[in-house]
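Quick mapping for you: the protein sequence lines, in order, are chains A and B.
Sequential numbering from 1 applies to the first sequence in the numbering used here.
Sequential numbering from 1001 applies to the second sequence in the numbering used here.
Positions of the beta carbon are idealized from the N, C-alpha and C atoms, including for glycine.
Protein chains: 2
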Amino acid sequence: MRMKPSGLAAGLLAILLSSTSAMSQSALPPPETTDPVTLGTMVGFPPPPDRQVVLGNVLQYPNARWAYHHMREVAPTKQVYRGGDAPADLNERAADLDAVRFSDGNGGEISIADWQRSTYTDALLVLHRGNIVYENYHVGMLPRQQHSLWSLSKSLVGLLTTLLIEEGAIDGDATVSQYVPELAGTAWGDATVQQTLDMTTAVDYKEDFRDPKSGIFQYLFAANLIPPPPDYPGPRRLYDYMGTVRGGSEHGAAFAYKTVDTEALGWVLRRASGQSLATLLEERIWSRIGAEADGYYLVDPIGTEIASIGFNATLRDLARFGEMLRNDGMHDGRAVIPASVVAEIRRGADRGKFKAAGQEARAGYSYHNQWWIPHDEDGSFEAKGLGGQQLHINPAAEMVIVKFSSHPVSETLFTHRVDRAAFAAIAAALGQ
Amino acid sequence: MRMKPSGLAAGLLAILLSSTSAMSQSALPPPETTDPVTLGTMVGFPPPPDRQVVLGNVLQYPNARWAYHHMREVAPTKQVYRGGDAPADLNERAADLDAVRFSDGNGGEISIADWQRSTYTDALLVLHRGNIVYENYHVGMLPRQQHSLWSLSKSLVGLLTTLLIEEGAIDGDATVSQYVPELAGTAWGDATVQQTLDMTTAVDYKEDFRDPKSGIFQYLFAANLIPPPPDYPGPRRLYDYMGTVRGGSEHGAAFAYKTVDTEALGWVLRRASGQSLATLLEERIWSRIGAEADGYYLVDPIGTEIASIGFNATLRDLARFGEMLRNDGMHDGRAVIPASVVAEIRRGADRGKFKAAGQEARAGYSYHNQWWIPHDEDGSFEAKGLGGQQLHINPAAEMVIVKFSSHPVSETLFTHRVDRAAFAAIAAALGQ
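Following this line, the structure appears as structure tokens:
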């Protein structure tokens, strides 16, 4: 029998406790104690109660290590079709990366194997010139399983929005509410699409997993990624929640990371294209990159794609997506995306505005059109998601890295320094 | 905002009302008034409230016409992988069936087009000697979309059980509780696997969609296919519900159609194989028939496949499955299933015991190993599901027909006579 929360307070308390334990950077569980295969997570008919992953505890630890590659088993999903063609070959040309060493960020040196272990990696793939030079799966994940991209999903929304701006279907300088009149009284009533893309909107919203009053929880309730307690009085649909979010002081002044900005863009995309986000992504991108599997979106109770954090894809297909971008939008001799769209993303945004967010590990970065731009000499660009989802595209090194993880700290900052050191060391090794 | 039932009574009342209206054979809605494309079902961002399909109203009409080919968008699902090989070719050799006429069961004659319209057909495919001679989709359904098989799922469980009996992993004469000790105190404590396969168990359970006290509603609540009202005191997991079902008078005496029998078999299969039902179906069948798409199971809140009514597949893949059985278990020169397993199913069961169910339209049938056996001169065998899901395999005519429907009466008896007339007329036309 399912635990029945006695009320809203109890429900939020339970979430707060689980989030706090998941977020605490002290006393992190040793990775080897969290492997769902060893733990027997979801093993048995039925699994023992303390090994059951249900919708309400997906974000809790160590359940997350199983849940992030089984999301469709706990929530409704919408297919993003791979298309009818044969998958594009990814030739396997293994490179010997065992000897590669890099800084662990704490004064030590580690190997690629150590890095995967210490950052709770579920799967890792390195493409060099379009060939698979390294591919590895952990914690029982299979190559054909889709992994939750969490906020890495934002970069797909950003790409589609950039594409529709390029085509003239969306005006970046128009307000969001010009496309979505329902948002007229909200934070996005007078915010432009471009400000929303760059997350320089001023929104009365906090994304803090440690604070149960933070907007992210109302968002998760509305997305039904955390089922709200029966007596929860707030919105139970994404669109309903978006209508309640109020503006802050001044749009365009500073970058602040906000999941809800992307949700507004998802709504703009649907209204501007007349298509669901799943159909738009499928027609414009996913069916045109030689994907070997469908992707899928998690959806809210009325089938609205969770634009900001809801896309799931296989390791290889996300690598194919990255490879298409590394090739300035080309796949198999055909332009999936105009080169100008990729160039616009890589251009980045004002680094001064990024500084305001205080992400010291990411000094020199900007956030542009829902992508993380390091402004490094390789011209790399990145997409990132909760728990350690990483897409790193390095044009100079002709390299694409995809890393799926389920680390016990939600922010990707948790592994930022060691990830960057790893990316650089792998690029150097491949360049020799 | 979601309608919040004020209590259990209100919740059941709402379901009863919707079921009654869906079940009434008088005043059925004209098919053309129920097309989700015309109605704009789930169209818009968001769709208008009266066009929203949510988990709680999937079985209501006309939502069912959209829902049955979009089940993954309202409920969690488990992948049944198609395997990594290229799909098996189904050559298209269109036969001219436009002139075929047959009895409509009411003294008139109709065409194949009329038949599809009047039986609320979503998709229809006819294979002759392994070639597609007819294929048609309606109500917006796409060839790549999986359709809910509802109780047609039972025949896959029956096939797997027959297979494991043939291999010696399950003893048909053993009691169900020998494999599932948790069922010792239930109807299946002293029922044999074979009695459960043939649905001659005596179970204190009623499958009547018109009666809100009928066991089928507790089952649907436990499967979370109808979300139970917040104050519902009954089981909210399939396994928990199965533990509450008590026995009736005498096992083995008479056939009575019971969804719960198949659920017990699903549990037996998992315990006997050590695999989830999805994995078992995938490894033994779905990845070995040249499927072009994954199938999927709907699952309960702890990931248990809804064995009895939860499988979803594309039209062509269910046809490939039927074609493999028509060929005595062979696909592409390889035995997927031993011929003896197919022969055992086709043998049928005691027709005298079937009579007890009073299905006059199916006089002469028996129900064996979860398949419907007409005992006709063509040696045909059939699988059927709620709302008009049909798999008809006719070895003598070298023909397989798959029909997906979403008719407003739950029982497949609704269209039994006209379906049989259509199958026979198509077989005759192909044989000329």
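Using a Cβ-Cβ distance under 7 Å, would B:GLY1303 count as near chain A?
Chain A, which has a Cβ nearer than 7 Å to the Cβ of B:GLY1303, makes this yes.
If we call anything under 7 Å between Cβ atoms a contact, is A:ASP198 one with A:ALA349?
In this structure, A:ALA349 lies closer than 7 Å to A:ASP198 by Cβ.
Taking Cβ-Cβ distances shorter than 7 Å, what residues in chain B pair up with A:VAL193?
Simply none; closest approach about 16 Å.
Beta-carbon separation of B:GLU1377 and B:GLY1130 under 7 Å?
Cβ distance not < 7 Å, so B:GLU1377 and B:GLY1130 don't count as in contact.
Hey, is the stretch 391-407 of chain A in contact with the stretch 285-296 of chain A, meaning 3+ C-beta pairs nearer than 8 Å?
No, the stretch 391-407 of chain A is not in contact with the stretch 285-296 of chain A.
In the structure shown, what three-state DSSP assignment does B:TYR1365 receive?
Three-state result, B:TYR1365: coil.
Give the secondary structure of A:MET399 by DSSP, where H, G and I count as helix, E and B as strand, and everything else as coil.
Of the three classes helix, strand and coil, the one that applies to A:MET399 here is strand, per DSSP.
Beta strand (DSSP E) containing A:ALA174: first to last residue?
No beta strand (DSSP E) contains A:ALA174, which DSSP labels as neither H nor E.
Compute the Euclidean distance between the alpha carbons of B:TYR1061 and B:ASP1208, then round it to the nearest angstrom.
C-alpha separation (whole angstroms): 17 Å.
Let's see if you can read the secondary structure: which residues bound the alpha helix (DSSP H) around B:TYR1219?
Note, B:TYR1219: alpha helix (DSSP H), 1215-1222.
Can you give, in chain order, each stretch of the alpha helix (DSSP H) that sits fully within the stretch 1215-1290 of chain B and has at least 4 residues?
Qualifying alpha helix (DSSP H) stretches, in chain order: 1215-1222, 1238-1242, 1259-1273, 1277-1284.
Does the distance from the C-beta atom of B:VAL1133 to that of B:ALA1278 stay below 7 Å?
Not in contact: B:VAL1133 and B:ALA1278 (Cβ atoms no closer than 7 Å).
With DSSP collapsed to three states, give me the class of A:GLU360.
Reduced to three states, the DSSP call for A:GLU360 is helix.
Could you confirm whether any beta carbon from chain B is found closer than 7 Å to the beta carbon of A:ILE15?
Residue confidence for A:ILE15 is low, a pLDDT of 45 falling below 50, so the modelled location carries little weight; the figure read from the coordinates is stated next. By this cut-off, A:ILE15 is not an interface position.
Does the stretch 68-82 of chain A touch the stretch 300-315 of chain A, meaning 3 or more C-beta pairs lie closer than 8 Å?
Output reads yes: the stretch 68-82 of chain A touches the stretch 300-315 of chain A.
So, is B:GLU1282 buried or exposed, given that buried needs 16 or more other C-beta atoms within 10 angstroms?
When all chains shown are included, B:GLU1282 counts as buried.
Less than 7 Å between the C-beta atoms of B:GLY1303 and A:GLU73, yes or no?
Yes, the pair counts as a contact, with Cβ atoms nearer than the cut-off.
Do you know offhand how far B:VAL1100's Cα is from B:GLY1333's?
Between B:VAL1100 and B:GLY1333, the C-alpha separation is close to 34 Å.
Among A:GLY379, A:GLY247, A:TYR68, A:SER118, whose alpha-carbon lies nearest the alpha-carbon of A:LEU183?
Looking at the Cα atoms, A:GLY247 is the closest of the given residues.
Where are the beta strand (DSSP E) runs, 3 residues long or more, that stay fully inside the stretch 111-148 of chain A, in chain order?
List check, beta strand (DSSP E) in window: 121-128, 131-137.
With DSSP run on the structure shown, which of helix, strand or coil describes B:SER1308?
Coil.
Below 8 Å on C-beta distance, what does B:TYR1219 contact in chain A?
Simply none; closest approach about 16 Å.
Among B:ASN1136, B:GLY1352, B:TYR1120, B:PHE1381, which residue has its Cα nearest to the Cα of B:SER1406?
Checking every option, the nearest Cα to that of B:SER1406 belongs to B:TYR1120.
Mind listing the chain A neighbours of B:THR1077? Cutoff is C-beta to C-beta under 9 Å, in chain order.
Residues of chain A passing the Cβ test: ARG72, GLU73, PRO76, THR77.
Which of the three DSSP states is assigned to B:LYS1384 in this structure?
Here B:LYS1384 sits in strand by DSSP.
Could you spell out where the alpha helix (DSSP H) holding B:LEU1325 opens and where it closes?
First-last of the alpha helix (DSSP H) with B:LEU1325: 1315-1326.
If you measure from the beta carbon of B:PRO1062 to each beta carbon in chain A, is any gap under 7 Å?
Judged by the 7 Å Cβ criterion, B:PRO1062 is not in contact with chain A.
Could one say the Cβ of A:VAL58 lies closer than 7 Å to chain B's Cβ atoms, at least one of them?
So, not an interface residue.
Report buried or exposed for A:LYS206, applying the criterion of at least 16 other Cβ atoms within 10 angstroms of its Cβ.
Exposed is the call here.
Just how far apart, CA to CA, sit A:GLN25 and A:SER214?
With a pLDDT of only 48 at A:GLN25, under the threshold of 50, the placement of this residue in the model should not be trusted; the figure read from the coordinates follows. Each residue's alpha carbon lies about 20 Å from the other.
Report the three-state DSSP secondary structure of A:HIS375 (helix, strand or coil).
The answer is coil: DSSP assigns A:HIS375 none of H, G, I, E or B.
Using the beta-carbon of each residue, which ones in chain B are nearer than 7 Å to A:ARG270?
The answer, in chain order, is PHE1045.
Helix, strand or coil for A:LEU159, going by three-state DSSP, please let me know.
Looking at A:LEU159 - three-state DSSP - the assignment turns out to be helix.
Could you tell me the alpha carbon to alpha carbon distance between B:LEU1269 and B:ARG1362, rounded to whole angstroms?
Going by the C-alpha atoms only, they are around 29 Å apart.
Sort B:ASP1419, B:HIS1069, B:VAL1053 by Cα distance to B:ASP1122 and report the nearest one.
Considering only alpha carbons, the answer is B:HIS1069.
Report the three-state DSSP secondary structure of B:GLU1167 (helix, strand or coil).
Reduced to three states, the DSSP call for B:GLU1167 is coil.
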